[in-house]
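Sequential numbering of the sequence shown, starting at 2, is according to our numbering. Okay, so here's the structure we're looking at.
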Amino acid sequence: MDINFFSDDTSLNFNSEEISNVRHHLRETSQRDDVGFISELSNSKALKDSQKVYQKFSGRKKFFHIGIGGSSLGPEMLLSALKKRSNDINFTFINNIDPDEISDQISKIDDPKDSIFYIVSKSGGTSETIAAAIIIINTLTERFGISVEDLKEYIVLCTDPQNGDLREFSSSYDIETLEVPSNVGGRFSVLTPVGFLPALFANINISRVVDSAKRYAVDQIENQDDVIQTALTLDYLRCSKGITQTVLMPYSSKLKNFSSWFVQLWAESLGKKSNLKNQVVNVGYTPIQSYGATDQHSQMQLFVEGPIDKAMFLVSIENFSENIRLNNSVDLGAFQSLNNFSLNELMQAEFYGAKQTLIDQGRPLFHIKLDALDEKSLAEMIIFFELLTVAQGNLLSIDPFNQPGVESGKIYTKKWLSNQI
2 MDINFFSDDT SLNFNSEEIS NVRHHLRETS QRDDVGFISE LSNSKALKDS
52 QKVYQKFSGR KKFFHIGIGG SSLGPEMLLS ALKKRSNDIN FTFINNIDPD
102 EISDQISKID DPKDSIFYIV SKSGGTSETI AAAIIIINTL TERFGISVED
152 LKEYIVLCTD PQNGDLREFS SSYDIETLEV PSNVGGRFSV LTPVGFLPAL
202 FANINISRVV DSAKRYAVDQ IENQDDVIQT ALTLDYLRCS KGITQTVLMP
252 YSSKLKNFSS WFVQLWAESL GKKSNLKNQV VNVGYTPIQS YGATDQHSQM
302 QLFVEGPIDK AMFLVSIENF SENIRLNNSV DLGAFQSLNN FSLNELMQAE
352 FYGAKQTLID QGRPLFHIKL DALDEKSLAE MIIFFELLTV AQGNLLSIDP
402 FNQPGVESGK IYTKKWLSNQ I
């Protein structure tokens, strides 16, 4: 993974002290006991436990993943990017409480013996996840006559190691349960058992993902400057030019869900009312989800000629796994203009056109180039944006690991429910 910054501003030369300060913060954060998304990459037990559960249920052909927020966005991102075409497992992500959609999803359960239901909630009490779990349990017991005692043959849980109602449910009914590390927040949890189990069912080489992530994290924290330079550049653009929006636009349909994952990571971590001194600052970067070449025909007009308040992350892939030729015998100009080219080459041309247009208009642009979309490159992008989030939190003087705005909404939800009883 390579990253380059393009701008008409030539004054971006950060001194050694600025770089050293950010590196020191990254190093300190990675060693904190209450922040484990880096240290957990060395937890071989977590992967072994996930592999053990996978072996027990490996014959199942339908995988129902029940979770919300980071408990679902991370695994969805992993699978959409790396799931092998030859994999014949059908995945269903129950990640919202829309009754119409859940009804359609539940209708896909025809033979429970062919299905596994993975219920993921770090707290063990997330209302949306518990609601979906209730529906799953009722479906198994009422429609298929499965006893509560036999739910362990169909359900796997993933939750806090010690606390929460899912942990108690696990103990009461002897249900296989994987751990969400207590020091890893949901939006940082993709490279834990939250993502490990579905990845194993998708035949993803999750060991290679973890090893690549670990190597890249160490390299960026101790040696390289990609994360640090990007963080300082974004901070400069915010302070000097008022740029507070960030567009992530990968030129790959398989990375569309990566943008969704980034939106939660960026918004929930960096959008804060108060700083570390408890002063009201109302800061944050608004993430915008996009993907090429589709959004060159929708959002790009705004990105090129709209307000200069956005920093762009464009992601290109040099070598797609497929290379479909466009040779044809239709004797019409539009058809012949693509003769002798491939979709790979057309995507490269589309990317070049977007990138050069943005540069010509003076729009700040980060180009992330991947040789190919594989376990190594995806792992590096995951760690890049997680570390970048930590660095931006430091530069904004806020806590990137809490989410008081989200918690407030949960409190009001429970209050509304209690008033209806």
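Heads up, the beta-carbon is just placed ideally off N, CA and C, and yes, glycines get one too.
- Going by beta carbons, Gly410 and Leu271 fall outside the 8 Å limit.
- Excluding five sequence positions before and after Ser275, the CB atoms of its chain that fall closer than 7 Å to its own CB belong to Val281, Val282, given in chain order.
- The residues Leu271, Gly272, in chain order, have a CB closer than 6 Å to that of Gly285 in the same chain once the five nearest residues on each side in sequence are set aside.
- Of all alpha-carbon atoms in Lys63, Tyr217, Phe170, the one lying nearest the alpha-carbon of Glu376 is that of Tyr217.
- Closest option to Thr390, judged by alpha-carbon separation, among Lys53, Ser330, Ile229, Ala134: Ile229.
- For the set Met382, Val157, Phe367, the Cα lying nearest the Cα of Ser116 is the one of Val157.
- Taking 8 Å as the cut-off, the Cβ atoms of Trp267 and Gly75 do not count as close.
- One Cα belongs to Ile110, the other to Gln56, and the distance between them is close to 22 Å.
- Taking C-beta separations shorter than 7 Å and ignoring five residues to either side along the sequence, the partners of Ile138 in its chain run Leu152, following chain order.
- Within the model, the alpha-carbon separation for Pro308 versus Ser51 is close to 47 Å.
- Separation of the CB atoms of Pro199 and His66 is rounded to 6 Å, and the pair is thereby assigned contact status at 8 Å.
- Assignment of Ile369 by DSSP, reduced to helix, strand and coil, places it in the strand class.
- In this model, Gln357 and Asn403 are separated by some 38 Å (Cα to Cα).
- Membership of Lys416 in the alpha helix (DSSP H) is indicated by the continuous run 405–420.
- For Ile69, the closest of Ala132, Thr231, Ser87 by C-alpha to C-alpha distance is Ala132.
- For Ser190, same chain residues with a beta-carbon under 8 Å away, outside a window of 5 residues either side, are Phe38, Gly71, Ser72, Gly75, Lys123, Val181, Pro182, Gly196 in chain order.
- For Thr231, same chain residues with a beta-carbon under 7 Å away, outside a window of 5 residues either side, are Ile4, Phe367, Leu389 in chain order.
- Nearest to Phe314 by alpha-carbon distance, out of Pro365, Gln349, Ala350, is Pro365.
- A residue is called buried once 16 or more other Cβ atoms fall within 10 Å of its Cβ, and Lys114, having fewer, is exposed.
- Assigned with DSSP and collapsed to three states, Phe342 falls in coil, not helix or strand.
- Cα atoms of Glu143 and Ile103: separation of roughly 17 Å, rounded to the nearest angstrom.
- Secondary structure at Phe6: strand, using DSSP grouped into helix, strand and coil.
- In terms of CA proximity to Leu238, Leu396 leads the group Leu396, Ser213, Asn164.
- Boundaries of the alpha helix (DSSP H) around Glu306: 301–306.
- Within the region 207–294, the runs of alpha helix (DSSP H) at least 4 residues long that lie entirely inside it are, in chain order, 207–223, 227–242, 257–271.
- In the three-state DSSP reduction, Leu397 falls in the helix class (H, G or I).
- Asn97 places its beta carbon 8 Å or farther from that of Lys62.
- Arg326 sits in a strand when the DSSP states are folded into three classes.
- Counted as a single uninterrupted DSSP element, the beta strand (DSSP E) harbouring His66 occupies residues 63–67.
- By the criterion of at least three beta-carbon pairs nearer than 8 Å, the region 235–252 is in contact with the region 290–310.
- Here the region 246–260 makes contact with the region 287–297; the two share three or more CB pairs at distances below 8 Å.
- No Cβ-Cβ contact shorter than 8 Å links Ser322 with Leu371.
- In this structure, DSSP gives Asn139 a helical state, which the three-state scheme calls helix.
- The DSSP-derived three-state label of Glu77 is helix.
- Rounded to the nearest whole angstrom, the CA to CA distance from Lys278 to Leu27 is 20 Å.
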